Each structure stands twice: as structure tokens, then as C-alpha cells.
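These protein sequence lines are chains A and B, in that order. When you read off a place in the first sequence, starting at 1, and then add 26, the result is the number in the working numbering. When you read off a place in the second sequence, starting at 1, and then add 24, the result is the number in the working numbering. All C-beta atoms, glycine included, are put in the ideal place defined by N, C-alpha and C. Please read these numbers as outputs of a predicted model, since none were measured by experiment.
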Amino acid sequence: MRIRIKFAKKESVKYLGHLDIMRFFQRCFNRAEVRMEYSAGYNPHQKMSFAQPLGVGIVSEGEYLDAEIAEGQDLDAICKRLNNVCGEGFEVVSVRAVKEGAQKAMAALRFASYRVDIRELLSDESADEKTVDEDGNPETLLPFEKEISRAINDLLIEETIPVLKRTKSGEHEVDIRPQIIHVHYEGGEIFMTVTAGSNNNLKPDTLTEQIFSKTTIEYHRESIKIKREELYAEKFVPLEDYQTV
Amino acid sequence: MERHYALPERILMNVEKPARYTGGEIGSVMKKKEEVSVRFAMCFPDLYEIGMSHLGIQILYSMLNEKEDIWCERVYSPWSDLEQIMKEEGIPLFALESQEPVKDFDFLGITLQYEMAYTNVLQILDLSMIPLHAEDRGGDCPIVIGGGPCVYNPEPLADFFDLFYIGEGETVYFRLLDVYKQNRKEGGSRADFLRKAAEVEGIYVPSLYEVSYHEDGTIQSFEPKAFPDGGHAPQTVKKQVVNDLSSAPYPLKPVIPYVQATQDRAVLEIQRGCIRGCRFCQAGMIYRPLRTRSLETLKTYAKEIIKNTGYEELSLTSLSTSDYPWFAELMDYLVNEFHNKKVNISLPSLRIDEFALDVMSKVQDVRKSSLTFAPEAGTQRMRDVINKGITEADIMNGSEMAFRGGWNKVKLYFMLGLPTETETDILGISDLSEKIAELYYDTVPKEQRSGKVQITVSTSFFIPKPFTPFQWEPMYTPETYLDKASFLNESIKGQLNKKSIRYNWHDAKTSVIEGLLARGDRRVGKIIEEAYLSGATFDAWTDHFDYEKWIRAIDLLSKTEAFRPDKAGAALDFYVYRRRDLEEILPWDFIDAGVTKAFMKREYQNAVEETVTRNCKDGCSGCGARVFGSGICLEH
Numbered sequence: 027m028r029i030r031i032k033f034a035k036k037e038s039v040k041y042l043g044h045l046d047i048m049r050f051f052q053r054c055f056n057r058a059e060v061r062m063e064y065s066a067g068y069n070p071h072q073k074m075s076f077a078q079p080l081g082v083g084i085v086s087e088g089e090y091l092d093a094e095i096a097e098g099q100d101l102d103a104i105c106k107r108l109n110n111v112c113g114e115g116f117e118v119v120s121v122r123a124v125k126e127g128a129q130k131a132m133a134a135l136r137f138a139s140y141r142v143d144i145r146e147l148l149s150d151e152s153a154d155e156k157t158v159d160e161d162g163n164p165e166t167l168l169p170f171e172k173e174i175s176r177a178i179n180d181l182l183i184e185e186t187i188p189v190l191k192r193t194k195s196g197e198h199e200v201d202i203r204p205q206i207i208h209v210h211y212e213g214g215e216i217f218m219t220v221t222a223g224s225n226n227n228l229k230p231d232t233l234t235e236q237i238f239s240k241t242t243i244e245y246h247r248e249s250i251k252i253k254r255e256e257l258y259a260e261k262f263v264p265l266e267d268y269q270t271v
Numbered sequence: 025m026e027r028h029y030a031l032p033e034r035i036l037m038n039v040e041k042p043a044r045y046t047g048g049e050i051g052s053v054m055k056k057k058e059e060v061s062v063r064f065a066m067c068f069p070d071l072y073e074i075g076m077s078h079l080g081i082q083i084l085y086s087m088l089n090e091k092e093d094i095w096c097e098r099v100y101s102p103w104s105d106l107e108q109i110m111k112e113e114g115i116p117l118f119a120l121e122s123q124e125p126v127k128d129f130d131f132l133g134i135t136l137q138y139e140m141a142y143t144n145v146l147q148i149l150d151l152s153m154i155p156l157h158a159e160d161r162g163g164d165c166p167i168v169i170g171g172g173p174c175v176y177n178p179e180p181l182a183d184f185f186d187l188f189y190i191g192e193g194e195t196v197y198f199r200l201l202d203v204y205k206q207n208r209k210e211g212g213s214r215a216d217f218l219r220k221a222a223e224v225e226g227i228y229v230p231s232l233y234e235v236s237y238h239e240d241g242t243i244q245s246f247e248p249k250a251f252p253d254g255g256h257a258p259q260t261v262k263k264q265v266v267n268d269l270s271s272a273p274y275p276l277k278p279v280i281p282y283v284q285a286t287q288d289r290a291v292l293e294i295q296r297g298c299i300r301g302c303r304f305c306q307a308g309m310i311y312r313p314l315r316t317r318s319l320e321t322l323k324t325y326a327k328e329i330i331k332n333t334g335y336e337e338l339s340l341t342s343l344s345t346s347d348y349p350w351f352a353e354l355m356d357y358l359v360n361e362f363h364n365k366k367v368n369i370s371l372p373s374l375r376i377d378e379f380a381l382d383v384m385s386k387v388q389d390v391r392k393s394s395l396t397f398a399p400e401a402g403t404q405r406m407r408d409v410i411n412k413g414i415t416e417a418d419i420m421n422g423s424e425m426a427f428r429g430g431w432n433k434v435k436l437y438f439m440l441g442l443p444t445e446t447e448t449d450i451l452g453i454s455d456l457s458e459k460i461a462e463l464y465y466d467t468v469p470k471e472q473r474s475g476k477v478q479i480t481v482s483t484s485f486f487i488p489k490p491f492t493p494f495q496w497e498p499m500y501t502p503e504t505y506l507d508k509a510s511f512l513n514e515s516i517k518g519q520l521n522k523k524s525i526r527y528n529w530h531d532a533k534t535s536v537i538e539g540l541l542a543r544g545d546r547r548v549g550k551i552i553e554e555a556y557l558s559g560a561t562f563d564a565w566t567d568h569f570d571y572e573k574w575i576r577a578i579d580l581l582s583k584t585e586a587f588r589p590d591k592a593g594a595a596l597d598f599y600v601y602r603r604r605d606l607e608e609i610l611p612w613d614f615i616d617a618g619v620t621k622a623f624m625k626r627e628y629q630n631a632v633e634e635t636v637t638r639n640c641k642d643g644c645s646g647c648g649a650r651v652f653g654s655g656i657c658l659e660h
């Protein structure tokens, strides 16, 4: 049977690459004594696939992997056992059975939501001058915050947002405007929902960089903190609930 | 618990594989530093992926962390990208667990597994901001300890270490740490501790010994210095040996790296030592006597380790694995136990016979795997000289059986430049390769062949090592080595089946530098330091090794009083290309490795006379290792 595992990748393991995480889960299944299904051939390997690789340095509360396991195992017990062996860096949120004939998480994936913490980029600008309102209270929207909000509006008004994308076959231009479903700024973070998947994927740092390009604030990739919050199938159904039991 | 990192995000996001530096792996041990009395940084001076593949560190790590009041952490060499950033920004080298600077620890233990890591040792000290020279270290510096196989000649590194631990780590570490705690309690100084440490069996404190030299550069005397109160450190330092391997500590819950290690699998050490006595082999001498883990212990360990780690592969490790007395039973058990659990068993090179082929066909894909033979020399005469107990008939019979069983890949390992080697011996290598190729075509009918037979011949250059019967032998120059390699290459090219034989050889310049470091004395430390200061590191990595840097460093020492101020390469002539006198004092003579100098002289004579010495199983040859009273020595 196929199961779908939702897990969180926390701060302490955020520097792991995708291949490291794949290997890590293989061994977690073994340590948790989950009876897996294997591919045929002389070097059989566990049948598992991830919804979407997560970049190095990014944390997540909504990672997904599908795995084929032998029939007749208690999924709640598997969830508990996985949490016992996966260490502090990961948390298995849920283990659900996937319906017969359903798409794999990878194929079902349509959208992803992220929150991008930009406070470090903003604080440089404002370290010395805290703006206060007439009563001496900190202003709810500091000037640079207003700038970010305005930049988001400016961006969304555009009919096309051409971005140069580097791939193996060279550079080509992509219009990312249709890939933006939603974006807003609040309390030091940019919240975004964008298209995801193998064909139509928008990276959160690409969008963040575009927003900053419409401001006077300098952008450094290493100063933003990205968290993936959830991955969705069509109609914004979280993968956890999409064609699962 | 939130982890705090020594490196800020902007650095971690800009170096290759940042997870090398962030720790937190499953199996790594966290303690509170306020609750421990000794902090030990255990270092493998190479890249994380290499160091994490090493069993010895895992053994000591779990052994030390068992004790509540000791916290052992790990340290590896940062790769060049990070090294540069750390130097620019003045970030001190840190241990993976606490992410705190190594310089704040009580001990820094560095394992010395291969000579070509010596510049990395200096890099570790340098990045840790610990003075390179032991004599310049103050009371707040960690005590720097060296261990591992290279300490059987620690002299080239004598200036950089406070002490060396000679032998197997499982025996006297706790005693040494007790001495440390006691000394601290009594308010003793660093010098007080070193004096007391020298009284622990197996501990060598180089600063407590004085070396003087003859005019020709050889050692005149090697003596412990007299203490003001009249005492002195022991004349000889006795290597440490685990007598009962089955009850020795073993890491059943090893640290499991997130980043893929070079050896990414569970490891089962089945025995230590070797009965064979190949005369070029240092491991075969220094790990004597052969000691085995009991079959029952290994069965339990195998099951535990696989359960605890979730690895899909279990690798057996030892010298000469086929000599393990219960090898058939062990393999039976492992194949039965793990086959259905999809755990692969990986075997080191076995002596190829019917049984080995049977085992291999059960655990490997015959079409993909290859047979490995290490005849080491091309003629029977040469094999008798080196006491390599494998005959051409063994190789031919093994190959024939294997070809019938479906194998068609053969790997052959040889050495060039062995003592007494002639052109005939080199030609023997290509003859043997050709014979194996012909055997394949004679054995396997055309319709059953899956392509050509693939024979890979690899040669390394013989490097004489301390504590071997060849420790007095000279090496050849890189040019001569390359002549030998191209002579062999030409000969292989002239064979009928040349298209089935591939030949590759080691780098000759690296071999010469390794030879220098292996048998150098204290003065060679200057060369290592000079090479490091001029930018040499990661010399074990082919594309990092810079021979010119070494040659410049060698020339600097050569031009000093100690050698021939008029001759640039004099130090290489002295340490590497010179035949040493059987009577001269060798830099490592102060170590009592069990195996005696008298035995090695006898074996040297036997080599010259082409006389084979029996292995330990067939009878004792009186090497001296019997003093330890353990292992195979008890069987006679």
C-alpha cells in the first residue's frame, strides 16, 4: 500500500541537501522497522518519492514523501516509531494511506506556501532610528515596511514579470506573474503562495528578490530565512488530505 | 533544543556541503559542559566524509562518552573554501557537537592514519589558534595527543605534539585522563602533567627525550632527559594492545552522518592483527598478535548495529579476512539473517577459493563485481622475498573457478620497486596478466562470454615503513619509479590480449614524500612545517598535492648544517634514497612494539635469501609479539 508522510524539517537540519534527506529517511524506515516494498533487480531499493526537493538552508512544516509499504501495518504506530528514531531535526506530522490509483504527491503538487523572514535585511536600515508616532509608540508600519508593501502592490499590478532563469540548457526568460497566487507583507515576513511542481515552479527567493528590486533596500540571499509552510494539490487541498484516507 | 552554530548563516550558505560543519547527527552525543570535568576534541585531520568513515574514532568516541564526566566531540578538517573564510575572519576551529572552539578544550586528540595528512595536522592546530610547537603552548592550551598507526614513528611530528599514545586506544585512555584530573586537582602545571603522563604505559612525551646526531646525520643517541630530581621518562615506550577483543568497547550506536560518508555503511571489525607476515606490510607487524572477536559477539553486534543505524550495508573489516577462524559460520549467519532484510554484506578482498566464490556469489552481483588478487609481485621469486604466500597456481585456479562461475572482471594489485627487484620481476606482472586473460578465453566458450575479460592491473611503489623487515631499505627516485612503470606499460602493450588489460600506477612523487615522512626523524618536522607554511595541505588528495612546495621545503632543511649545505636534495638522499645500516639507531627504536628488531633483521635476511617464513597459524616464528600473552600466540 502507498502511504503519504508529512514531516517538518527544522532549523538544526536545514543545511541538509535533498539527497541527504532521502538517505536519512531510508534509514529511518529501517530503524523504525517499517516493512517497505522494494524495487525489483539485484540492488533493490525502497520505493519512495518526495513531493518536491527543498533547498539547502530552508526549513519546512509541510514536506511530503510517498512510500510503498507492505500491507497490514498500523499507520499511527508507524508515525510514532518514526518520531522515535528521526532525532530532533525532523518531526513526522502525519502518516496517511493514499487511495488506490491516486496520483503520487510529486504529480499532484500544484502550489506551495512560504513565509520569508526579511527582518535582517530591514534591521540594517533602521538600526539607529526607530520611528514613533505622535504618542511616542512605535509606528505600526515603519517606513521600510511601507516600502515593502508598496513594492508588492507595484509588482502585482504588472501584467508580466520577466525573470531570467538559469537552467542546464542555458538562460531563458520566464514570466513569473502567473505563478504568483498570493503575496503580502506582515510583521517582518513576506507570506506567499506560488505555483509549485516540476513544470511551473516559482522559488520563494526569486519572488523575494523581485520585490526588493522595486525598493531601495539592498537584497542579500543569505540574510533572508525561508520556511515552507504547506504543499497543495489542486483547489489548494493540502497534500496530506488529497486522495488520502 | 535550538542549535547554535559557530559559523553564521551567511558563511554556511556559501560553502560546499554546510552540513559537514553543523553536527547534530543521530548518535552524536550532547552534554552540558558545566557537568563534565574533561572536554576531549577527537580529530581526524581530513574532510568530514573521510573522517566519518573511520571506525577507530567511533570506537573512542563512544568509549569516552560512556563516562559521565567526559565529553568527547569530533573535529574534521574544513575544506579549502571554509579554511580561507576562517582565516580571513579569524574564526577559530570548533568541535561539531558544542560548536565551541577547540582551543578551549582540555585535550585535542589527532588520529594519524596516513603520512600525507601531516600538513593537515598543522592546519588543524593553526585554525584552532593553538601554537604549532608544543613548547610554545601555555597552561590554557589543550594537550595535543597523537594516535593511530603513524605513531609507530612519531618523530617527524615530535615538535607539534605534547604526547603520543602508542598502540590501541581502548586500553589506557581513562588512566591518562585520571592523571590529568589528579594533576589539575593538585594545582600541577602543564609540565607536571606531561611528566606524570610519561609514566603511563604506552604514552610517549617527545619533549622529555633528547636526540643527538653523528656527523653523517645518523642518530648518535636517543635518551630520556634527566629530571632535576634525578628521575627520567622510561627508556622505551610499550605499545598498547587489547587482549580480549570480544569484551573491548564497540560502537553499537555509532554517529550516523547526514552527509554521505565515503564508507557509508555499518562496520563490523571481526579481528585485529594478521598471521601472514608479509615483509613490506606495516599493519601486519604493528597489530600483532592476531586477536579475534568471538562468533557469538559478532552475531549480536551485527544485529544490533543494523537495528540501531538502519544502514542497508554491513561491511566486514580486518586484515586478511579469510583467516578469521569462523568465517564460514559467520557468513552463513549474516546471509541468512540479513538477506530478507535487504541488507547487503560487503566483503573486503578474500583469498579466492571455492568457498570465497560461493560466498561472493551470494552477496554480490556476479556480473558487476570483480575478483581481486593482490599478488604484490610478478614472479614467485619476488613473492618469496616479500613473504607473500600466494602462488601463481592459487591465482590461476581461483580465476578459472571464477570464470566458470560467471565473473569476467579481475583486479590485480602489485608493487614496483621492491627490494631485489629485477626486470624479470616486472615482466612477470605483464606475463601473469596475459596468462589470466588467455585463461578466460580458454575456459569460457565463446557463446557464454559476456564481452571481453577485463583485467585491471594497478601498481603502487614500494615504500619502506618502520617496524617492517624492509625498514632499512632505500627507495628509488620518482624518475626511476616512472621508468619502471613505463617499462611495465610497454610490456603490457606488447601482450596478445593487451586490449583486455588496463594498467594504472600511483603517483611516484607522492610515494617519495610519503617515504620521507614515514621514516624521518625529528628534523623532518621542519620540512613539514615549511611545506605547510608555503601552502601545502590535503596532500593525500591528488589534485591538491604540490610536489614543488615539498621540494622547496626539503631544500631548506638540506642546506642547514645537519646535512650538506652544498647539495639541495641532501635530506631526500639521507632519509629516502639511502640504505640504512642494520646497526644504526632508527628514530623509532625507542618504541617496543612487541615485534623485535632481532626478528626483523632475521626476516630481512630471509628476504635476501628468498626464504619463506611460515604464518602464525602454522607455527610461531618468534617475532616477539608473544609478550602480550594474547590472541594466536596462546595457541602454541
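Exercise for the section: For the stretch 167-244 of chain A, list the alpha helix (DSSP H) runs that are entirely contained and at least 4 residues long, ordered along the chain. Expected result: 169-183, 230-239
Exercise for the section: Go to lysine 621(B), then tell me how far its alpha helix (DSSP H) extends in each direction, as first and last residue. Expected result: Translated into positions along the second sequence, residue 621(B) becomes position 597. Looking at the DSSP string, the run of the alpha helix (DSSP H) that includes lysine 621(B) is 621-632.
Exercise for the section: Name the residue from Met76(B), Asp150(B), Cys174(B) whose alpha carbon lies nearest to the alpha carbon of aspartate 545(B). Expected result: Sequence index remark: in the second sequence, residue 545(B) carries index 521 (1-based). It is Cys174(B).
Exercise for the section: Measure the alpha-carbon distance for glycine 98(A) versus tyrosine 335(B) and round it to whole angstroms. Expected result: For the purposes of this step, residue 98(A) is taken as the residue at position 72 of the first sequence. For the purposes of this step, residue 335(B) is taken as the residue at position 311 of the second sequence. Straight-line Cα distance between these residues: approximately 24 angstroms.
Exercise for the section: Using the Cα positions of glycine 114(B) and glycine 559(B), report the straight-line distance between them to the nearest angstrom. Expected result: In the second sequence, residue 114(B) corresponds to position 90, counting from 1. In the second sequence, residue 559(B) corresponds to position 535, counting from 1. The alpha-carbon atoms of glycine 114(B) and glycine 559(B) are separated by roughly 18 angstroms.
Problem - Distance, alanine 134(A) Cα to valine 53(B) Cα - result: Here residue 53(B) refers to the residue found at position 29 when the second sequence is read from its first residue. Here residue 134(A) refers to the residue found at position 108 when the first sequence is read from its first residue. Each residue's Cα considered, the two are about 40 angstroms apart.
Problem - 7 angstroms Cβ cutoff, glycine 214(A) in contact with chain B - result: Here the question's residue 214(A) lines up with position 188 in the first sequence. Glycine 214(A) does not count as touching chain B.
Problem - Beta-carbon proximity check, valine 693(B) vs glutamate 194(B), cutoff 7 angstroms - result: Shown here, chain B extends from 25 to 660; a query on residue 693(B) therefore has no answer.
Practice task
Report the rounded CA-to-CA distance for glycine 67(A) versus asparagine 364(B), giving the unit in angstroms.
Solution key: Here residue 67(A) corresponds to residue number 41 of the first sequence, with the count starting at 1. Here residue 364(B) corresponds to residue number 340 of the second sequence, with the count starting at 1. If I take the Cα positions, the gap works out to 14 angstroms.
Practice task
Could you spell out where the beta strand (DSSP E) holding proline 399(B) opens and where it closes?
Solution key: Locating residue 399(B) in the second sequence gives position 375, where the first residue counts as 1. That run of the beta strand (DSSP E) goes 395-400.
Practice task
State whether the stretch 521-531 of chain B contacts the stretch 475-495 of chain B, with contact taken as three or more CB pairs (one from each stretch) at a distance under 8 angstroms.
Solution key: With a cut-off of 8 angstroms, the stretch 475-495 of chain B and the stretch 521-531 of chain B count as touching, because enough Cβ pairs lie within range.
Handout entry: Assigned exposure category for alanine 179(A) - 16 Cβ within 10 Å defines buried
Key = Reading the first sequence from its first residue, position 153 is the one you call residue 179(A). What sits at residue 179(A) in the sequence shown is asparagine, not alanine. With fewer than 16 Cβ atoms within 10 Å of its Cβ, asparagine 179(A) is classed as exposed.
Exercise for the section: Drop a sphere of 10 angstroms on the beta-carbon of isoleucine 183(A), count the other beta-carbons inside from all chains shown, and report buried for 16 or more, exposed for fewer. Expected result: Residue numbering aside, residue 183(A) sits at position 157 when the first sequence is read from its first letter. By the 10 Å Cβ count, isoleucine 183(A) comes out exposed.
Problem - C-alpha gap between proline 32(B) and proline 180(B), whole angstroms - result: As a position in the second sequence, residue 32(B) is number 8, starting the count at 1. As a position in the second sequence, residue 180(B) is number 156, starting the count at 1. Roughly 37 angstroms separates the two Cα atoms.
Problem - Neighbour list for leucine 147(A) in chain B, Cβ cutoff strictly below 8 angstroms - result: Numbered from 1 along the first sequence, position 121 holds the residue referred to as residue 147(A). Simply none; closest approach about 12 angstroms.
Exercise for the section: Please classify leucine 42(A): does DSSP put it in a helix, a strand, or coil? Expected result: Your numbering for residue 42(A) matches position 16 in the first sequence. Three-state DSSP puts leucine 42(A) in coil, outside helix and strand.
Practice task
Jot down the residue ranges of each uninterrupted alpha helix (DSSP H) in the stretch 287-335 of chain B, minimum 4 residues, whole runs only, in chain order.
Solution key: For the stretch 287-335 of chain B, whole alpha helix (DSSP H) runs of length 4 or above, ordered along the chain, are 306-310, 319-333.
Problem - Start and end residues, alpha helix (DSSP H) containing threonine 480(B) - result: As a position in the second sequence, residue 480(B) is number 456, starting the count at 1. Note, threonine 480(B): premise wrong, no alpha helix (DSSP H); beta strand (DSSP E) at 478-485.
Exercise for the section: Could you check the C-alpha separation between phenylalanine 598(B) and threonine 260(B) for me, to the nearest Å? Expected result: Taking the first residue of the second sequence as position 1, residue 598(B) is located at position 574. Taking the first residue of the second sequence as position 1, residue 260(B) is located at position 236. Phenylalanine 598(B) and threonine 260(B): Cα-Cα distance of roughly 25 angstroms.
Problem - Minimum C-alpha distance to lysine 249(B) - residue among Trp431(B), Tyr348(B), Ser236(B), Ser510(B) - result: To locate residue 249(B), count along the second sequence from 1; it is residue 225. Of the candidates Trp431(B), Tyr348(B), Ser236(B), Ser510(B), the one whose C-alpha sits nearest the C-alpha of lysine 249(B) is Ser236(B).
Problem - Range of the contiguous alpha helix (DSSP H) that encloses glycine 81(A) - result: Here the question's residue 81(A) lines up with position 55 in the first sequence. For glycine 81(A), no alpha helix (DSSP H) run applies, since DSSP gives it neither H nor E.
Handout entry: Closest residue to tyrosine 64(A) among Met27(A), Ser120(A), Phe76(A), Ile250(A) (Cα-Cα distance)
Key = Counted from its first residue, the first sequence places residue 64(A) at position 38. Answer by Cα proximity: Met27(A).
Handout entry: Enclosing beta strand (DSSP E) for threonine 341(B) [first to last residue]
Key = If you number the second sequence from 1, residue 341(B) lands on position 317. Looking at the DSSP string, the run of the beta strand (DSSP E) that includes threonine 341(B) is 337-341.
Exercise for the section: Please compile the residues from chain A whose C-beta is within a distance smaller than 8 angstroms of the C-beta of arginine 27(B). Expected result: As a working mapping, residue 27(B) is identified with position 3 in the second sequence. By Cβ distance, chain A contributes Glu37, Ser38.
Practice task
Flag this pair as yes or no: are the beta carbons of lysine 130(A) and serine 75(A) separated by less than 7 angstroms?
Solution key: Locating residue 130(A) in the first sequence gives position 104, counting from the first residue. Locating residue 75(A) in the first sequence gives position 49, counting from the first residue. A contact, by the Cβ cut-off of 7 angstroms.
Problem - 7 angstroms Cβ cut-off: residues of chain B touching glycine 98(A) - result: Counting from one through the first sequence, the residue named residue 98(A) turns up at place 72. The contacting residues do not exist; glycine 98(A) stays about 17 angstroms from chain B at best.
Practice task
Between the Cα of threonine 135(B) and those of Ile109(B), Ala182(B), Pro69(B), spot the shortest distance and give me the residue it belongs to.
Solution key: As a position in the second sequence, residue 135(B) is number 111, starting the count at 1. Closest by alpha carbon: Pro69(B).
Problem - Helix, strand or coil at cysteine 67(B) [DSSP, three-state] - result: Against the second sequence, residue 67(B) aligns to sequence position 43. The answer is strand: DSSP assigns cysteine 67(B) an E or B state.
Handout entry: Three-way DSSP call (helix, strand, coil) for tryptophan 612(B) in this model
Key = The residue you call residue 612(B) lines up with position 588 of the second sequence. Looking at tryptophan 612(B) - three-state DSSP - the assignment turns out to be coil, as it is neither helix nor strand.
Exercise for the section: Measure the C-alpha to C-alpha separation of isoleucine 575(B) and alanine 30(B) and round it to an integer number of angstroms. Expected result: Along the second sequence, one-based indexing puts residue 575(B) at 551. Along the second sequence, one-based indexing puts residue 30(B) at 6. Between the C-alpha atoms of isoleucine 575(B) and alanine 30(B) there is a straight-line separation of about 37 angstroms.
Handout entry: Interface residues of chain B facing glutamine 52(A) [CB-CB closer than 9 angstroms]
Key = Here the question's residue 52(A) lines up with position 26 in the first sequence. Near glutamine 52(A) (Cβ distances below 9 angstroms), the residues of chain B are Gly334, Glu336.
Exercise for the section: Say whether chain A places a C-beta atom closer than 7 angstroms to the C-beta of valine 636(B). Expected result: Within the second sequence, residue 636(B) is the residue found at index 612, counting from 1. No - not a single Cβ of chain A is within 7 angstroms of the one on valine 636(B).
Handout entry: Amino acids of chain E, ordered along the chain, whose beta-carbon sits closer than 7 angstroms to that of leucine 42(A)
Key = In the structure shown, chain E cannot be found, because the protein chains are A and B.
Practice task
Express the C-alpha separation of arginine 296(B) and leucine 343(B) in angstroms, rounding to a whole number.
Solution key: Locating residue 343(B) in the second sequence gives position 319, where the first residue counts as 1. Locating residue 296(B) in the second sequence gives position 272, where the first residue counts as 1. Going by the C-alpha atoms only, they are around 7 angstroms apart.
Handout entry: Cβ separation of glycine 75(B) and tyrosine 100(B), assumed to be a contact under 8 angstroms, to the nearest whole Å
Key = Here residue 75(B) is taken as the residue at index 51 of the second sequence, counted from 1. Here residue 100(B) is taken as the residue at index 76 of the second sequence, counted from 1. Rounded, the Cβ-Cβ distance is 4 angstroms, consistent with contact.
Problem - CB contact check: tyrosine 140(A) to chain B, cutoff 7 angstroms - result: For the purposes of this step, residue 140(A) is taken as residue 114 along the first sequence, with counting starting at 1. Chain B contact via Cβ: absent.
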